[in-house]
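Chains as they are written, first to last, in my numbering: chain B, -18 to 360; chain P, -18 to 360.
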C-alpha cells in the first residue's frame, strides 16, 4: 500500500472519521483508523461500535492530489497518526506500508515509522439493506437535532431516554426528546415521503456528532433505516448509528392543549434575565428561580435567591400577558437551554397551573416546535 | 457608600484586581474584593497574601463616569460579584451599601442584593518604605519575565527555585531562573540606576501574573524594593509581591564559557522539528529525543522513539556547524520552551560534551540572553 496525498485535504477527512473513534473502547482495534486504498480512491473508516463514519477521497479529486502507487489496507492508531499528520512539514505526505504492517509516513525531510494492525481484523460496517431513502435539507436537519437534543437524558438509568424518538408518517417527521423533567418536540414536513412509515429511536450522542459534521452549506442529506441501524449519506461521508431498542414513552399526552395564562417574551432578552437570576440560584442548594405574572397590573417579575449569598429580582419586558395570575418556580438551566434553541425570535410561554408543565413555542408558529418544562415544587 | 459607574470601565479594574484573589485561601476575607470610595475616587483591592493588587478609578476619569454619592468601604465575595457585574443589563450600574453590610447592585430593571463584609477586617497592604524607584519599559519587563519564568521550578521541594533571582548592580539587571534541569538568564541595562544595588528573589507566579497585567502599549513601570516586599507601579494599578527568603544558588559557574561544537538554527524551524520528534517520545516512558551532529558530512539529524508506537527521524536545516561530532539526548519539552522564548530569530546552540549542559543564545547577541539545558543520559 502506497500513496501520496495533499495533507490539508487528508486531514479534513481524517478529522471527520475521528469523531467516531473513542480512546475508551473495550475493542482495542477500534482505537484505530482503517485506511483502504483502491484504484478508485482512499476510504477512511472509524467506529466506536455505536457510531461508524466512513469517508472517501476519490482518485480524481483535484484538491486531494491523490497519487495511488500500490493498493492495500491497514489500521493505524488514530490519535498518534492524526497528531503526526498535523505536524508534518510539507504540503503533501507519502504513506507506505512495508513488511509486518510497519507504516512509513514521510513529508519533506521528516520520516515517521509507526506500527500498524492487520485491517482484516477490523469489524465490518453494518449492512443497511433498506432501499427507501428519505431526503433532508442539511440546515433543517441540523436545526432539528440542535432543538431536540437538549432535552435528551444523560442518565443511563432509563437508556431509552438517551435517544431522540423519530416518527415518520404521512409526509411528516416528528422528533421528540425528554429527560422526564423537560421535553422538546419538533415537526418538519417530508413532502417527498408520503408513504414512508418509521418509528425509531436514535441515540442523542449519535445525532449530536452527526450535526457537527453537517456543513453550513450542506446540500441534501439522505437517510436509510434498517432494523437496528440508520445510515446518513452526506455525499463523500457516510454516517452509521445503531438504534436504541425498546418503546419510547407516549409523550403526546404530556403537552397541555389549553392555557390559563399566556405571555410573550423576546427570547434573547428573557434569556439574559434568566441568566442573571440563575447567578444566585446556582450558589444555593436549590437551583430554582421564580416567575411571578400579574395580569391586572401587567407585571412580570423574575426572582432568584441564595440564602448564603443574596437575592435578585428583575421586572421583565414582555408583550401580551393574558389570563390568570400565576407564581411558578423552575430550574433556570432548563429555561436557558430552551430559550437558546429559539434564537432571535419572540416566544409564547403558556401556563396552566403552578405545578403543571408549561410550554414555550415560537410566537409566529405554534405548530412545529414546542419546548415543555416541568416546574419545581417549592413549598 | 453609594456610587454609579460605567460598567465596562469598572469591569476592567475588577478583572485586574481579581488576578490576586484566590478561591483557595485559608483567610476567608481574602476571597473578597475590597472597595473603598473617597471623594477622589474608588480603590479596588484584591490579595492572596503573596500578591496584592490595588487599582484606582479617579473621580475625574471620563471613561469611568464615576458619580460619588456617599463615601464608604465594603468587602464583597469577589467571584459572584464579578459574575453579577458582567451580566448586568445596562451601560451603567449603581452600587449602594445599606445596613448590616447589605449591598444593592442595580442596573436597568435588575436589582441584586448581596451580603458584604466589614472592610475594617480586611488585612492592610504591606508598607513599602523604600524611596528609590527603578524604572522599566513595560514591553522589555514583560519580555524579560516571559523569557526567564519558563525555567522556574514548579516543585515545592526547593522553594527558592520557584522564584526568579534578580541582581541589580552597576546599572544592569540580571534575571536568572533554574529548576536544576535547565536555566534561563536575561540581562538588561538600567542606565538610570547606576547606584542601585539589590539582590532579591521574586516568586515566579507573581511575575507571571504581573506580566499578564502589563498592557502592550505600556509606558514606564516603576519598581520599589523593601526588605521582604516589592511594589510595581503600573500607573492606575499597583502590584505588590512578597519576596522569597534565602540564598539563591550560584548559577554563574553553570554556564559553559567555551564550546566544542556549535550550530545555528532558525528557531521556528528547529522548534517545528522538535515538536515532531517529541510526538513519539511523549508516547514512551522516556521523554527524550536525540540530536546527532556530524561536522565532516555537515549533517544534523533529530531522532524520536517510542518502543510501543514507532520512531521518527528528520534531517535538519542549519547554518555554521563547526567543531567535534556529537550525539546528545535531551528532554524535548525543555527545548520547546527555550525555542519559543526566542521567537523568530536565529539561535546558536553550543555544546561541550554529551553529558554536559549546552546553551542556546540569539546568534546576533550572545551577551544578553542565554538558555541552558542539561542533557539526559541514555546509556
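All C-beta atoms in this analysis are idealised placements derived from N, C-alpha and C, irrespective of residue type, glycine included.
A quick note: this is a predicted structure, and the numbers were derived from the prediction, not measured.
Just checking: is the beta-carbon of residue 260 of chain P within a distance shorter than 8 Å of some beta-carbon in chain B?
yes
How far does the alpha helix (DSSP H) with residue 119 of chain B in it extend, from its first residue to its last?
119 to 130
Please confirm if the segment 104 to 121 of chain B is in contact with the segment 25 to 45 of chain B, defined as three or more CB-CB distances below 8 Å between the two stretches.
yes
How many angstroms separate the CA atom of residue 187 of chain P from the CA atom of residue 128 of chain P?
15 Å
Out of B/66, B/33 and B/198, state which residue places its alpha-carbon closest to the alpha-carbon of residue 1 of chain B.
B/33
Extract the residue ranges of the alpha helix (DSSP H) inside the segment 277 to 355 of chain P, only unbroken runs of 4 or more that lie entirely within it.
Counting only runs of 4 or more, we get 313 to 321.
If I measure Cβ to Cβ from residue 314 of chain P and keep anything under 8 Å in the same chain, skipping five residues before and after, which residues do I get?
259 and 268
The beta strand (DSSP E) that contains residue 147 of chain B, what's its start and end?
144 to 150
Helix, strand or coil at residue 383 of chain P [DSSP, three-state]:
Any answer about residue 383 of chain P is impossible in this case: the structure gives chain P only from -18 up to 360.
In chain P, what lies closer than 7 Å to residue 90 of chain B by C-beta?
295 and 296
Opening and closing residue of the alpha helix (DSSP H) in which residue 185 of chain B lies
Per DSSP, residue 185 of chain B belongs to the alpha helix (DSSP H) from 185 to 194.
Cβ of residue 171 of chain P versus every heavy atom of the ligand NAD: is any distance shorter than 7 Å?
In the structure on display, the ligand NAD does not appear, and there are no ligands present to speak of.
Where do the ends of the alpha helix (DSSP H) carrying residue 252 of chain P lie?
248 to 262
Chain B beta carbons: is any one of them nearer than 8 Å to that of residue 93 of chain P?
yes
Contact under 8 Å by Cβ, residue 281 of chain B with residue 297 of chain B
yes
C-alpha gap between residue 12 of chain B and residue 124 of chain B, whole angstroms:
Rounded to the nearest whole angstrom, the C-alpha separation of residue 12 of chain B and residue 124 of chain B is 31 Å.
Does any CB atom of chain P fall closer than 8 Å to the CB of residue 53 of chain B?
no
Which complete beta strand (DSSP E) runs does the segment 22 to 52 of chain P hold, if anything under 3 residues is left out?
DSSP runs (the beta strand (DSSP E)) wholly in the segment 22 to 52 of chain P: 22 to 28, 32 to 39 and 48 to 51.
Return the first residue and the last residue of the beta strand (DSSP E) that residue 88 of chain B is part of.
83 to 88
Beta-carbon gap between residue 293 of chain P and residue 93 of chain B smaller than 8 Å
yes
Comparing alpha-carbon positions, which option in B/30, B/76 and B/352 lies nearest residue 50 of chain B?
B/76
Where DSSP assigns a beta bridge to residue 358 of chain B, which residues make up the other side?
In DSSP, residue 358 of chain B forms no bridge with anything.
Candidates P/-9, P/137, P/140 and P/58, of which the one nearest residue 72 of chain P by Cα:
By alpha-carbon distance to residue 72 of chain P, the top candidate from P/-9, P/137, P/140 and P/58 is P/-9.
Go ahead and label residue 58 of chain B buried or exposed: buried means 16 or more other beta carbons lie within 10 angstroms of its beta carbon, across all protein chains shown.
buried
Start and end of the alpha helix (DSSP H) containing residue 66 of chain P?
That run of the alpha helix (DSSP H) goes 59 to 68.
Which chain B residues sit within Cβ distance under 8 Å of residue 58 of chain P?
290
By the criterion of Cβ-Cβ separation under 7 Å, what are the contact partners of residue 65 of chain P in chain B?
Neighbours of residue 65 of chain P on chain B, chain order: 260.
Would you check if the segment 134 to 144 of chain B and the segment 189 to 205 of chain B touch, i.e. whether three or more CB-CB distances between them fall below 8 Å?
no
How do the segment 241 to 255 of chain B and the segment -18 to -10 of chain P stand: do at least 3 beta-carbon pairs fall below 8 Å, yes or no?
Taking one beta carbon from each stretch, the segment 241 to 255 of chain B and the segment -18 to -10 of chain P have fewer than 3 pairs nearer than 8 Å; the two do not touch.
Residues in its own chain within less than 7 Å of residue 299 of chain P by CB, not counting five upstream and five downstream?
244, 245, 246 and 281
Any beta-carbon of chain P closer than 8 Å to the one on residue 5 of chain B?
no
Short CB-CB distance (under 8 Å) between residue 61 of chain P and chain B:
yes
Would you mind working out which of P/177, P/166, P/344 and P/156 sits nearest residue 248 of chain P, comparing C-alpha positions?
P/344
Cutoff 8 Å: residue 71 of chain B Cβ touching any chain P Cβ
no
Can you tell me which of B/242, B/257, B/45 and B/358 puts its alpha carbon nearest to the alpha carbon of residue 301 of chain B?
B/242
Would DSSP call residue 166 of chain B helix, strand or coil?
strand
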